[in-house]
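In the numbering used here, the protein residues as written are 1 to 96.
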């Protein structure tokens with residue numbers, strides 16, 4: 001089953017600002033369960049970088065990007081924006 005996660009869910013779980021204390025555990029269960037395929041939007045990569053790096057620095061962003069690369073599939077943006085977005089994602093991932 002494919003599950004789409006909103007950017008805010010990942011950010012809140014990462015920084016511990018989640019209103020729902022069990023969502024971090026649920027996220028870990030979803031990652032560990034092979035029945036589920038986790039997806040995020042391509043624009044989420046840029047948003048996560050901006051917010052998490054301001055709050056916690058590049059080290060935390062690197063940790064989160066490694067998790068995303070290993071555990072998530074990324075839904076591409078529309079065709080008109082793909083070249084710009086992919087350039088931005090590649091640049092961000094190379095920094096990590």
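Every residue, glycine too, gets a C-beta built ideally from N, C-alpha and C.
- When only Cα atoms are considered, residue 50 and residue 74 end up about 18 Å apart.
- Within the same chain, and ignoring the five residues on either side of residue 2 in sequence, the residues whose Cβ sits closer than 7 Å to its Cβ are 37, 39.
- Between residue 48 and residue 64 the beta-carbon gap is near 6 Å, inside 8 Å, which marks them as a contact.
- In the three-state reduction of the DSSP assignment, residue 69 falls in the helix class.
- Rounded to whole angstroms, the Cβ separation of residue 24 and residue 13 is 5 Å, and the two are in contact under 8 Å.
- Considering only 76, 70, 19, the residue with the shortest C-alpha distance to residue 32 is 70.
- Annotated three-state conformation of residue 24 is helix, per DSSP.
- DSSP, read as helix, strand or coil, puts residue 2 in strand.
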